[in-house]
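In full-length UniProt numbering, the protein residues as written are 1 to 523.
Every residue gets a Cβ at the ideal spot worked out from N, C-alpha and C, and that includes glycine.
Beneath this line is the structure, given in structure tokens, with notes to follow.
Given below as structure tokens:
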């Protein structure tokens, strides 16, 4: 059993699973290219999907959260530990009094991409996922901190924990159906081949302690197992839609089918040096009629308690990854270029990878310039509870860089959790094109003229048509005004709605300005 505990602790301390939320990133309805591979494969066929994208290694998330202590409290306790001090009554009571409801919960970990790229409707990615959680009752901490209180019954049931670490190799593809010019229906499928690194779980835990005034009774039963190395498969299903480049919606089911066998060892001849790749352990203890009189009686003293434990090898065992539902809706303002995101996440089991408590996220994105983007958002529910997120992005024609920070159940140093996310990589430009011709309205002759492109009242670009009256320019999707000016002609404005990966054609027929016509009439 000691071996099991030693192997489990590193995963509890260094694993946590999180995925993009609207406040931190683009929302699950607005991910694209190499980012969409792991969240919704249908979005590979979105109107806003670049023809090629590549995510650099280490794109992903790192973070932790809990429902009780803050970062400031943790750092204060760590400082005391470094000095060799122990927790005093005030420290213990501060922790114990902060546990909401019946349970203390803690999550920690990472989700990092090693390689990810997408070409048109097909994508491939590799990532390492680490996830864990632990849940204990409030009575567990009362007994641990303050000892046994006479006349009190301690409920220690419902202790739970899980830790998982694996390498996921995923291939995803999306397809589209253009219902009309404005509406595109999206659907996609993802397949993963998974190399398991390690897995551990609590199978059963039941415990109670009744401290009566005359005697003490109690019991505890723990059963757990672990597996090192493994392999398996998983499938994802995605749906979505684009409407007029203004609305995007995404619906996905991750791990709609999965099966992993743990305890088979590592592939490629890698030897971790373990005697067994899968073990199960148990501990059973019982105290009956424990009091001073029975303690003094030799015969009764020998039967007061039972304490036994063992660890033994088991065959490789199978587990499924939990199904995760994600729904996202995005609105894009084509004139001001801002976006609003709404996301809903729902797990169907309370495990390390998901929570049965729905998570609702609302986010906002605003560009301060054509290449610099700011983001802010908030979330409610899930493992994180109430959280706030902040992000910035740098978006160029062939390069993107997104950085986000999130804190949960408090503000910054006083929060109970933090997460840091980074996505960066290369992509083909996600732009549309304006193409136009300028000609004399009377003669039809092409004209060389000045072309001014506005977004609202802001001048975006000034260009000129060539000798054939032709002009061409690439722009980010949105609503524009094209203003053409030519000496001795009346200026003319036309609206232009630029859509991603599409060309908007404009024709300007300029009317000559009025002049003075002098006539001399002779008889």
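Does the beta-carbon distance from residue 343 to residue 355 come in below 8 Å? no
Short Cβ contact (8 Å threshold) for residue 530 with residue 455: Summary: the structure shown does not reach residue 530, with the chain confined to residues 1 through 523, and so no result is reported for it.
DSSP state of residue 227 mapped onto helix, strand, coil: strand
Exposed unless 16 or more other CB atoms sit within 10 angstroms - verdict on residue 267: exposed
Given residue 209, which residues of its chain have a CB within under 6 Å of its CB, disregarding the five upstream and five downstream residues? For residue 209, where only same-chain residues beyond five positions count, the Cβ hits under 6 Å are 154 and 218.
Touching by the beta-carbon criterion (3+ pairs, under 8 Å), the segment 92–112 and the segment 132–142: yes
Using the rule of at least 16 other Cβ atoms within 10 Å of the residue's Cβ for burial, across every protein chain shown, is residue 397 buried or exposed? exposed
Does the count of Cβ pairs from the segment 270–284 and the segment 237–255 closer than 8 Å reach three? no
Output needed for residue 255: all residues of its chain with C-beta closer than 6 Å, excluding positions within five of it in sequence on either side, in chain order. 234, 321 and 323
How is residue 262 classed by DSSP in three states: helix, strand or coil? In this structure, residue 262 counts as strand in the three-state DSSP scheme.
Give a yes or no on whether the C-beta atoms belonging to residue 42 and residue 238 are separated by under 8 Å. It is a contact, given that the beta carbons lie within the stated cut-off.
Please determine, among 241, 512, 94 and 162, the residue with the shortest C-alpha to C-alpha distance to residue 48. 241
Inter-residue Cα distance where the pair is residue 378 and residue 327: Going from the Cα of residue 378 to the Cα of residue 327 covers about 16 Å.
Take residue 505 as the anchor and find which of 371, 482 and 223 has the nearest alpha-carbon. Taking only the C-alpha atoms, the option nearest residue 505 is 482.
Residue 311 versus 317, 276 and 341, residue with shortest Cα-Cα distance: 276
If you compare alpha carbons, which of 101, 507, 438 and 124 is closest to residue 174? 124
Are residue 376 and residue 389 touching if we call contact CB-CB under 8 Å? The answer is yes: Cβ separation under 8 Å.
Should residue 116 be labelled buried (16 or more other beta-carbon atoms within 10 Å of its own) or exposed? buried
Counting Cβ pairs closer than 8 Å, one from the segment 411–418 and one from the segment 442–460, do we hit at least three? Contact fails: fewer than three Cβ-Cβ distances are below 8 Å.
Three-state secondary structure assigned by DSSP to residue 454: strand
Cβ neighbour criterion (16 or more within 10 Å) applied to residue 520: exposed
Ends of the beta strand (DSSP E) at residue 77? Run containing residue 77: none in the beta strand (DSSP E); it sits in the alpha helix (DSSP H), 71–82.
Provide the residue span of the beta strand (DSSP E) that contains residue 352, from first to last. Note, residue 352: premise wrong, no beta strand (DSSP E); not H, not E.
Beta-carbon spacing of residue 370, residue 476 below 8 Å: Going by beta carbons, residue 370 and residue 476 fall inside the 8 Å limit.
Which runs of the beta strand (DSSP E), 3 residues or longer, sit entirely within the segment 137–208? 152–155 and 160–178
For residue 346: DSSP bridge partner residues: Residue 346 is bridged to 325.
Taking all protein chains shown into account, do 16 or more other C-beta atoms lie within 10 angstroms of the C-beta of residue 252, making it buried, or fewer, making it exposed? With 16 or more other CB atoms across the displayed protein chains lying within 10 angstroms of its CB, residue 252 is buried.
Could you check whether residue 224 and residue 281 sit closer than 8 Å to each other, using their CB atoms as the reference points? yes
Check whether the Cβ atoms of residue 192 and residue 168 lie closer than 8 Å to each other. yes
Using only CA atoms, which one of 449, 446, 470 and 522 lies nearest to residue 435? 470
Say whether chain B places a C-beta atom closer than 8 Å to the C-beta of residue 510. Given the protein chain composition of this structure (a single chain), no chain B is represented.
Over what stretch of residues does the beta strand (DSSP E) that includes residue 54 continue unbroken? 52–55
Note down, in chain order, each residue of its chain lying with its Cβ closer than 6 Å to the Cβ of residue 55, except the 5 sequence neighbours on either side. 34, 113, 116 and 425
Residue 90 - DSSP class collapsed to helix/strand/coil: helix
Are the Cβ atoms of residue 315 and residue 278 separated by less than 8 Å? yes
Between which two residues does the alpha helix (DSSP H) carrying residue 34 extend? 33–36
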